[in-house]
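Remember, our numbering sits 112 above the position in the sequence shown when you count from 1.
Positions of the beta carbon are idealized from the N, C-alpha and C atoms, including for glycine.
Heads up, the thing below is written out as structure tokens.
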Amino acid sequence: MAIKQKNNGAGHHFIYDDECISNVNPEMFDATHWQRSGNITGQAAGRGTTLFIRHHDNHWVLRHYRRGGLIGKLINDAYLYSGVDHTRSFREFSLLHGMREDELAVPAPVAAYVKRRGLFYQADIITRIIPQSRDVHAMLCQGPLTDNDWQRIGMAIADLQHHQVYHHDLNIRNIMMDTQGKVWIIDFDRCYRRAGEAWKQTPLNRLQRSLNKEKDREPHFHWQPSDWQTLLDGYHSKAP
């Protein structure tokens, strides 16, 4: 992977893997472009819309950064600009690149884009799709996981934290599993490397809350509190 940066002028900034793409431009981050060319293969809802796109023989994920919560109702997708390296998309791209270098099971970054307008900017990121995978929330809506599955989820979280990666929004929808049983963790917006140990319980607590929330919300959500201990068994088995 050879990482390059490009500035087209007029506030357009890019960072990209030139082994994935040779000519990066704003059109690549425009949903209308992919729709016109018939290369949108699916989408997933979140704070904004995440698109699954096809580029030649490659299958990618395009995500536009949007705000959540009350402020998101007032300022949908604009962020205060304090330098391109501090933007949401560049930071996530760089973190993903570093984690891939550490051989962690996270999406491979393809390109990130920042469009600056005065004091503010908008941002997008493209990553490689994780082949033949589903988010664990969808799996639990269809049936229970095995003990081995839960242990592998715990081990994947431990791997991330052993590399001092703090996941800001670790919930059950941000954990994927492929057909080989490999666990992947996604959505690293606002995540970063963090020193020390005291913070490591916080993402686990967030994940447990998300499981309890989905259990209350979904009538056929196949998760039991005993599964949590199985996850923790896997987590603690990966002692550094």
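Would Q369 and G346 be called neighbours here (beta carbons separated by less than 7 Å)?
Any answer about residue 369 is impossible in this case: the structure gives the chain only from 113 up to 352.
Within a Cβ cutoff of 6 Å, which residues of the same chain sit near K350, ignoring the five residues on either side of it in sequence?
Closer than 6 Å at Cβ, skipping near neighbours: M267 and A270.
Nearest candidate by alpha-carbon position, reference V173, set I298, P337, N324 and A307
Nearest option by C-alpha distance: I298.
Answer with buried or exposed for D169, where buried requires no fewer than 16 other C-beta atoms within 10 angstroms of its C-beta.
Its Cβ having fewer than 16 others within 10 Å, D169 is exposed.
Q244 lies in the alpha helix (DSSP H); which residues open and close that run?
Per DSSP, Q244 belongs to no alpha helix (DSSP H) and is neither H nor E.
Three-state secondary structure assigned by DSSP to R302:
Correct three-state label for R302: coil.
Inter-residue Cα distance where the pair is T342 and Y304
Approximately 27 Å, taken between the alpha carbons.
Residue environment, I115, which counts as buried when at least 16 other CB atoms sit within 10 Å:
An exposed status is given to I115, since fewer than 16 other beta-carbon atoms sit within 10 Å of its beta-carbon.
Below 8 Å CB to CB, which residues in the same chain sit around T291 once its five sequence neighbours on both sides are set aside?
Same-chain partners within the cutoff: Q244 and S245.
Whole-Å CB distance - G293 paired with D261, under 8 Å assumed:
With a Cβ gap of about 7 Å, G293 and D261 count as contacting.
Would G121 and K227 be called neighbours here (beta carbons separated by less than 7 Å)?
Contact: no.
Quick one: measure Cβ to Cβ for I152 and I165, integer angstroms, because I've assumed they're closer than 8 Å.
Contact flag correct, Cβ pair sits at about 6 Å.
Are the Cβ atoms of Y191 and L231 separated by less than 7 Å?
Taking 7 Å as the Cβ cut-off, Y191 and L231 do not qualify as a contacting pair.
The alpha helix (DSSP H) with W262 in it runs from where to where?
Counting along the chain, the unbroken alpha helix (DSSP H) around W262 starts and ends at D259 to H274.
For D328, does the count of other Cβ atoms within 10 angstroms reach 16, so buried, or fall short, so exposed?
It is exposed - the Cβ of D328 has fewer than 16 other Cβ atoms within 10 Å.
Drop a sphere of 10 angstroms on the beta-carbon of A250, count the other beta-carbons inside from all chains shown, and report buried for 16 or more, exposed for fewer.
With fewer than 16 other Cβ atoms within 10 Å, it is exposed.
For the beta strand (DSSP E) that contains K227, what are its first and last residues?
That run of the beta strand (DSSP E) goes P221 to R229.
The region 306-325 touching the region 272-287, judged by at least three CB pairs closer than 8 Å:
A contact is defined here as three or more CB-CB pairs under 8 Å, and the region 306-325 meets this definition with respect to the region 272-287.
Does W335 pass the burial test, meaning 16 or more other C-beta atoms within 10 Å, or should it be called exposed?
For W335, the number of other beta carbons within 10 angstroms of its own is at least 16, and it is reported as buried.
What's the gap between the Cα of K118 and the Cα of E213?
Take the alpha-carbon of K118 and the one of E213: they are about 22 Å apart.
In the DSSP assignment, what residue or residues form a beta bridge with M289?
Beta-bridge partners of M289 (DSSP): R246 and V295.
Can A223 and S201 be called in contact, C-beta distance under 7 Å?
The Cβ atoms of A223 and S201 do not sit closer than 7 Å to each other.
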